[in-house]
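Below you'll find the structure, written out as structure tokens, and then a few comments.
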Amino acid sequence: MGPLKEEYYTVQRPSHSQLATGLRHRRAASEAVPPVGDFNRLQMGGGRPDVLPGEEGDEPDVAEPAEPGVIGLQRKDSVARMTWNGLNYVVTTLTRHRPRPRSQQSSLSRSFPPDVPQTPPHDVMPSPEEELESFFVKPDAHERVRQLDQDTVDRTERVNFAEPPYRNRERYAATASGWRRDQDEVVLRHPEHRANIGLSRISSTTLHSIRDNSDRRQYGMGWVGRLFGRVYRKSVVSHPVIQEQLEHMDDHRPYFTYWITIVQILVLLISIFCYGIGPFGFDLKARSGQVLVTSLSLQQVDYLEPANFWIGPRAADLIHLGAKFAPCMRVDDKITQQIEKTRKKEKETACCIRNDDSGCVQSSQADCSKAISTWIKWTSVATGPGGRISGSVCGLDPKYCDAPASVHPFEWPDDITKWPICRKTNTQISNAVANRRDKSAPRDKLAEHMVCEVIGHPCCIGIHGECRITTKEYCDFVRGTFHEEASLCSQVSCLNDVCGMIPFFFPDMPDQFYRLWTSLFLHAGIVQLIITVLLQYHMMRGLEKFTGSLRIGIIYIGSGVAGNLGSAIFVPYRADVGPAGSQFGLLACLIVELLNAWPMLKRPKRALAKMIGTTIVLFIVGLLPWVDNYAHLFGFVFGFLLSYALLPFLSFGDYDRHKKVLLIWVCLLTALLLFVILLLLFYIIPVYDCKVCSYFNCFPFTSDFCASQNINFKREEPIV
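Residue 720 is where the sequence shown ends in the UniProt record's numbering, and the numbering goes up by one at each step.
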């Protein structure tokens with residue numbers, strides 16, 4: 001194994017007390033330190049240098065201490081000793097005193113805590129004047145070299161380490177956590193241009209700017225208060241009790257404001273990227289073009305759609321994204337009656353086949369031309385499969401469908417509006433199609449509606465669930481949803497297509513109640529988003545600084561949801577988006593703050609009059625289209641109640657505190673009761689027709705100023 005490495009030798013130097021008293025260290029016989037010659041003898045003999053066997057015979061359990069200059073073997077501590085040292089170090093570290101964070105009332109200090117080690121009691125501490133003088137004194141190069149020479153350890157000397165090195169860290173622990181960079185000796189080419197970095201003292205101006213709290217939102221003031229020129233009453237503000245309450249108010253970071261603003265910006269950008277921008281303007285925009293219709297001819301199609309002056313997506317696209325739209329949130333009786341009326345008319349339809357074999361389409365007898373087409377209708381005289389008299393249907397027959405098959409007990413009813421979509425046809429259709437192509441082969445009169453080319457399928461148009469049997473070209477032109485897999489309008493759910501998002505749990509029962517808060521993240525266009533960002537940055541950000549993210553989030557979401565619920569009750573057939581209710585809830589929050597700070601302000605009545613005047617002006621702006629005034633109204637009411645219950649307030653006396661606590665409970669219970677009443681009005685006692693209610697939401701300054709958001713056709717589709 002070779003000679004013992006040099007680092008395993010240690011220099012040991014006994015203390016004077018040990019030499020004087022003859023102190024003995026207990027050592028096993030196997031651990032007795034042999035003379036130097038024994039090491040070479042053991043190595044040459046092939047023994048292990050790390051295990052020193054004891055001599056034979058009875059040896060005393062103690063050994064004489066090594067003489068000065070004798071080289072001994074450095075041994076590791078035992079496992080028990082190392083375990084005890086480790087536990088002792090962990091306990092000492094955990095129980096070590098840590099400085100507490102500085103309070104707001106503490107005076108200014110350095111930008112970083114000092115890291116001067118705690119010197120032992122016998123050392124002499126320099127005076128403050130000496131410390132200031134020597135703080136930036138650069139040590140001499142010769143002195144540093146001399147110190148390094150003194151710190152060098154000679155391996156030939158004998159040193160006895162009494163305790164592990166980490167105990168010195170415990171003894172000379174830093175008085176405070178901190179760090180300082182070591183400044184190396186660097187020779188610069190131009191010392192006069194040297195940057196002042198490293199251990200330079202931070203200027204007082206920088207320290208004051210870091211610790212400055214002058215931008216903290218003042219209670220009862222804020223951006224709106226400075227805009228309206230509010231002034232404090234110094235006699236009240238300077239009172240010690242009021243000063244103490246103001247000092248104990250926390251200053252929060254506006255995380256919720258930044259989060260919801262970023263989400264709203266991203267949602268609008270993604271919406272425009274996916275759906276594009278609709279027509280711009282204040283009235284209806286006409287669109288026309290020649291489109292292939294079910295008569296297999298090009299016809300002029302004209303329709304009107306509402307414009308969007310906010311520079312954003314169309315109304316149908318906003319509904320698909322999650323706008324507030326009552327027919328998608330509950331079962332609407334008017335739309336349900338319209339769907340039942342359409343199904344009743346569809347029950348009397350049949351397959352209209354062109355005589356020149358150019359195609360077929362499902363239509364009523366009045367829409368099927370007797371000159372060029374044949375209308376095949378099953379009757380009691382000429383019945384269909386199984387004696388059915390309801391039908392026929394182009395491309396659909398229970399006789400030729402294998403999935404789902406019409407077998408007992410799952411037979412298809414004698415009502416074509418209740419027939420399912422056929423997913424697989426049988427082989428009889430293939431034979432019938434082959435015979436139809438062969439002019440000499442006989443034709444099956446009962447299968448003509450199955451072998452003809454179907455040129456019309458259901459198309460969902462508009463935002464009210466309207467369905468038509470038409471061509472794909474026509475459906476794409478009017479921006480509808482084409483269902484090529486279906487044969488009848490009763491087989492599709494147009495309202496589900498209009499609403500989008502998560503499909504209904506039951507096809508004919510809308511249940512998207514979550515639109516009350518998803519619409520808060522949507523905007524009708526870029527202009528509305530800019531207004532929202534400005535209001536939330538200047539008004540909501542300041543409110544969140546002294547209320548906190550949780551409170552301002554409850555006020556924002558609560559007033560927005562309540563405002564959308566009130567709007568869905570009184571204006572159910574308009575798609576509205578944007579946090580209009582939430583913004584008016586924040587406006588109510590400012591008014592509540594003004595009322596709480598009433599004794600602190602000079603001329604508080606004038607300040608309240610300005611706030612009320614601003615609120616009235618904003619309600620007048622709510623008469624414009626695409627602006628939900630009912631959301632403004634109910635959002636303001638709920639925002640006022642929630643703000644009075646959640647905002648921090650100042651107490652100007654014991655009686656004032658008890659009165660405000662009582663008002664908090666009254667506001668919370670009133671908000672809960674009002675929300676329950678709105679739920680009952682929305683689901684149990686719905687309001688469908690309220691002409692006067694619509695004027696509060698949009699006043700018709702022109703004939704088409706408050707036009708319907710649905711698509712309006714100028715002419716009907718021609719006869720087949």
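Beta carbons are placed, not taken as given, at the ideal position from N, Cα and C, and that holds for glycine.
Query, Result
"For Asp-497 and Lys-377, the rounded distance between their alpha carbons", "31 angstroms"
"Classification of Tyr-630 by the beta-carbon crowding that lies within 10 angstroms, buried from 16 upward", "buried"
"Element boundaries [alpha helix (DSSP H), containing Glu-593]", "580-596"
"Alpha helix (DSSP H) segment containing residue 746, residue limits", "The question about residue 746 has no answer here: the residues shown for the chain are numbered 1 through 720."
"Integer-rounded CB distance, given that Thr-425 should sit under 8 angstroms from Cys-401", "6 angstroms"
"Buried versus exposed call for Tyr-219 [16 or more other C-beta atoms within 10 Å across all chains shown]", "buried"
"In DSSP terms, what Ser-373 is bridged to", "Arg-354"
"Straight-line Cα distance separating Pro-625 from Pro-313", "15 angstroms"
"Cutoff 6 angstroms; reference Ala-316; Cβ partners in own chain excluding five residues on either side", "Ile-463"
"Spatial neighbours of Ile-421 in its chain, beta-carbon cut-off 7 angstroms, leaving aside the 5 residues before and after", "Glu-485, Ala-486, Gln-491"
"Close-in-space but distant-in-sequence residues of the same chain around Ser-559 (CB under 6 angstroms, 5 per side omitted)", "Gly-581, Ser-582, Gly-585, Gly-635, Phe-638, Gly-639"
"Nearest-angstrom Cα separation, counted from Tyr-573 out to Ile-353", "39 angstroms"
"As assigned by DSSP and simplified to three states, the class of Pro-49", "Low confidence applies here, because Pro-49 scores a pLDDT of 48, under 50, leaving its location unreliable; read the following figure in that light. Note: Pro-49 maps to coil in three-state DSSP."
"Own chain partners of Gly-563 with C-beta closer than 6 angstroms, once the 5 adjacent residues on each side are dropped", "Gly-581, Ala-631, Phe-634, Gly-635"
"Member of Gln-300, Cys-328, Thr-471 whose CA lies at the smallest distance from the CA of Ile-502", "Cys-328"
"Cβ shell of Ser-380 (< 7 angstroms), same chain only, five flanking positions each side left out", "Ile-389"
"Proximity below 8 angstroms, CB of Trp-310 to CB of His-538", "no"
"For Pro-254, the first and last residue of its enclosing alpha helix (DSSP H)", "Note, Pro-254: premise wrong, no alpha helix (DSSP H); not H, not E."
"Rounded distance between the beta-carbons of Pro-254 and Glu-544, thought under 8 angstroms", "4 angstroms"
"Alpha carbon of Val-661 to alpha carbon of Leu-587, nearest angstrom", "22 angstroms"
"Pair within 8 angstroms by beta-carbon distance, Leu-641 and Gly-566", "no"
"Outcome for His-658 when other beta-carbon atoms lying within 10 angstroms are tallied against a minimum of 16", "exposed"
"Tyr-474, DSSP secondary structure in three states", "helix"
"Identified DSSP bridge partners for Met-509", "Phe-506"
"C-beta contact flag for Arg-233 and Met-611 at 8 angstroms", "no"
"Classification of Tyr-695 by the beta-carbon crowding that lies within 10 angstroms, buried from 16 upward", "exposed"
"For Phe-699 and Leu-623, believed in contact at Cβ under 8 angstroms, the rounded distance", "4 angstroms"
"Closest by C-alpha distance to residue 723, when choosing among Ser-204, Asn-88, Trp-259, Ile-265", "Residue 723 cannot be examined here, being either before or after the span of the chain that is shown, 1 to 720."
"Pro-279 and Ala-307 closer than 8 angstroms at C-beta", "yes"
"Those runs of the alpha helix (DSSP H) which lie wholly inside the UniProt domain \"Peptidase S54 rhomboid\" (511-648) and span at least 4 residues", "515-518, 526-535, 541-547, 549-570, 580-596, 604-621, 629-646"
"Alpha-carbon spacing of Ala-403 relative to Asp-397, whole angstroms", "11 angstroms"
"Exposure label - Thr-93; buried when at least 16 CB within 10 Å", "exposed"
"Opposing strand residues paired with Ala-707 [DSSP bridges]", "Partner(s): none; Ala-707 has no beta bridge."
"Continuous beta strand (DSSP E) stretch holding Ser-363: start and end", "360-363"
"As assigned by DSSP and simplified to three states, the class of Pro-398", "helix"
"As assigned by DSSP and simplified to three states, the class of Ala-671", "helix"
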